[in-house]
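2 protein chains.
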Amino acid sequence: MLSKKKRVSKLPSIEKTARDFTILDGEDYIDEIFENDMKISRSFTRFQLSEEEYEENYGRVIKSLLSTGEHKFFVAVDRYDRYLGHVWVCLKVDTVDFVPSAYIYDIETLFPGMGIGTALMERAEEWAKKKGARKISLRVDVSNPARKWYSEKGYSERAVIMEKML
Amino acid sequence: MLSKKKRVSKLPSIEKTARDFTILDGEDYIDEIFENDMKISRSFTRFQLSEEEYEENYGRVIKSLLSTGEHKFFVAVDRYDRYLGHVWVCLKVDTVDFVPSAYIYDIETLFPGMGIGTALMERAEEWAKKKGARKISLRVDVSNPARKWYSEKGYSERAVIMEKML
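From first to last, the protein sequence lines are chains F and R.
Counting from 1, one number per residue, gives the positions in the first sequence under the working numbering.
Counting from 1001, one number per residue, gives the positions in the second sequence under the working numbering.
Listed below in structure tokens is the structure:
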């Protein structure tokens, strides 16, 4: 235990190694992916939830999303295989276009501006195309600055999610 | 067979009776609902699909949507119980807000401008609220004039669906 700790502390800080990243299949990093996503996703909810309620509902959402379609994860890691970001993509029949389509459920990076998000997205698109998807979609909050980033990556606005409090 | 035909032909035309509609539980009208929806939904796809391919993919989409959440259908009928329109609403945990939430998958009416859509929507919202939903959402194409109608009904734009062809 002590020796392991020592070894870890000798690695350069992740901020310094992040720029030199690699994209890998993400299946071995599932725990880290969801741990990280659970933290980030919390900032998007517009409701006040207790920690317990949030974690329970987060688990139900993930389970429900995983229950349909074919899923694929990719991670970005540094040269010590440390997690830097991930993309979660799912293949299913689109509910509006009725063609095989890919959905990006998550695309997250701990260090923006280093090309990690772009590389993850490209890998997801490549996977989806190879699997026969005719298009790839994602959802972004109206006020999220990422909207511009997606637009630069060739995504156009197709539909709007409207909602009303009850 | 002949006598049935005769009887039907004696009813006033549906255009004349539609204004005097009632909202009912839609479960007995499921076949009519999906038959009607399958026709209407086809106009939204941006892909060229053969009849066979469309019907197969439509079936897969409906099956997949029905596989999670709690579903409810309401129909509008005239005084002869003839189908005029429907709403399909589903209760599940929202993937962004992590609270119980309702989704309107469909809201369709054969005769716009008679208040049928409004009545269906009100019934769906009432059901969702009673079931504990904290909000109700729907998706609408960016160019669909219904966007304005939803806005008048108190729905605000929360997110954008972006997509890219592959």
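C-beta atoms are modelled at their ideal positions from N, C-alpha and C, and glycine is treated no differently.
Residues near residue i by beta carbon distance below 6 Å, same chain, minus five either side
i: LEU2/F; result: With a pLDDT of 48 at LEU2/F, under the threshold of 50, the modelled position of that residue is not reliable, and no figure is offered here.
i: LEU1011/R; result: TYR1080
i: ARG963/R; result: Given a span of 1001 to 1166 for chain R in the structure shown, any question on residue 963/R remains unanswerable.
i: ARG1147/R; result: VAL1140
i: ARG1082/R; result: ILE1014
i: LEU1049/R; result: none
For residue i, three-class secondary structure by DSSP
i: PHE1034/R; result: helix
i: LEU84/F; result: strand
i: ALA124/F; result: helix
i: ALA133/F; result: coil
i: ASP1025/R; result: strand
i: SER1043/R; result: coil
i: LYS153/F; result: coil
i: LEU91/F; result: strand
i: SER143/F; result: coil
i: ARG60/F; result: helix
i: ALA1018/R; result: coil
i: THR171/F; result: Residue coverage of chain F in this structure runs from 1 to 166, which leaves residue 171/F outside it and unanswerable.
i: MET1/F; result: Below a pLDDT of 50, predicted positions are generally treated as unreliable, and MET1/F, at 47, falls in that range; no measurement from the model is reported.
i: LEU138/F; result: strand
For residue i, the nearest candidate out of the options (CA to CA)
i: GLU152/F; options: LEU66/F, THR118/F, TYR83/F, ASP20/F; result: THR118/F
i: LYS131/F; options: THR45/F, VAL99/F, LYS16/F; result: VAL99/F
i: SER1101/R; options: ARG1046/R, GLU1126/R, ARG1019/R; result: GLU1126/R
i: ASP78/F; options: PHE47/F, ILE14/F, ALA146/F, PRO145/F; result: ILE14/F
i: SER1137/R; options: ASP1097/R, ASN1144/R, LEU1166/R, LEU1110/R; result: ASP1097/R
i: THR95/F; options: TRP1149/R, ASP1031/R, ILE1161/R; result: ILE1161/R
i: TYR1155/R; options: LYS164/F, PRO145/F, GLN48/F, HIS71/F; result: LYS164/F
i: LYS1072/R; options: PHE1047/R, SER1050/R, MET1121/R, GLN1048/R; result: MET1121/R
i: VAL1128/R; options: TRP149/F, LEU166/F, ASN144/F, LYS129/F; result: Looking at the sequence itself, residue 1128/R is Ala, so the reference to Val does not match. For the residues TRP149/F, LEU166/F, ASN144/F, LYS129/F, the minimum Cα distance to ALA1128/R belongs to LEU166/F.
i: ASN144/F; options: ASN1144/R, GLU1157/R, SER1143/R, GLU1070/R; result: GLU1157/R
Close-in-space but distant-in-sequence residues of the same chain around residue i (CB under 7 Å, 5 per side omitted)
i: ILE1040/R; result: GLU1108
i: ARG42/F; result: TYR54
i: THR1068/R; result: LYS1092
i: ARG134/F; result: VAL99, PRO100, SER101
Cβ shell of residue i (< 8 Å), same chain only, five flanking positions each side left out
i: MET114/F; result: ALA18, ARG19, PHE21
i: PHE1044/R; result: ASP1141
i: LEU1084/R; result: ILE1014, ALA1018, PHE1021, VAL1075, ALA1076, VAL1077, ASP1078, THR1109, LEU1110, PHE1111, ILE1116
i: GLU27/F; result: PHE73
i: ALA159/F; result: VAL96
i: LYS1150/R; result: Inspection of the sequence shows that residue 1150/R is occupied by Tyr rather than by Lys. Contacts found: LEU1138, VAL1140.
i: GLU70/F; result: CYS90, LEU91, LYS92, LYS131
i: ILE30/F; result: PHE73
Residue i: CB within 6 Å of a non-hydrogen atom of the ligand COA
i: GLU1032/R; result: No copy of the ligand COA occurs in the structure displayed, which carries no ligand at all.
Chain F contacts made by the stretch 1026 to 1043 of chain R, where a contact means CB separation under 9 Å
SER1041, ARG1042
Is there contact here, the stretch 105 to 112 of chain F with the stretch 48 to 57 of chain F, by at least three beta-carbon pairs under 8 Å?
No: fewer than three Cβ pairs fall under 8 Å.
Does the count of Cβ pairs from the stretch 28 to 39 of chain F and the stretch 1080 to 1097 of chain R closer than 8 Å reach three?
no
Can at least three beta-carbon pairs, one atom from the stretch 1019 to 1029 of chain R and one from the stretch 60 to 73 of chain F, be found at a separation below 8 Å?
no
Chain F contacts made by the stretch 1119 to 1142 of chain R, where a contact means CB separation under 7 Å
GLU1125, ALA1128, LYS1129, ALA1133, ARG1134, LYS1135, ILE1136, SER1137, LEU1138, ARG1139, VAL1140, ASP1141, VAL1142
Under 8 Å (Cβ pairs) to chain F, residues found in the stretch 1071 to 1098 of chain R
LYS1092, VAL1093, ASP1094, THR1095, VAL1096, ASP1097, PHE1098
Pull out every residue of the stretch 149 to 162 of chain F whose Cβ sits closer than 9 Å to any Cβ of chain R, in chain order.
TYR150, SER151, LYS153, GLY154, TYR155, SER156, GLU157, ARG158, ALA159, VAL160, ILE161, MET162
Proximal residues, the stretch 1050 to 1062 of chain R versus chain F, C-beta separation under 7 Å
TYR1054, ASN1057, TYR1058, ARG1060, VAL1061
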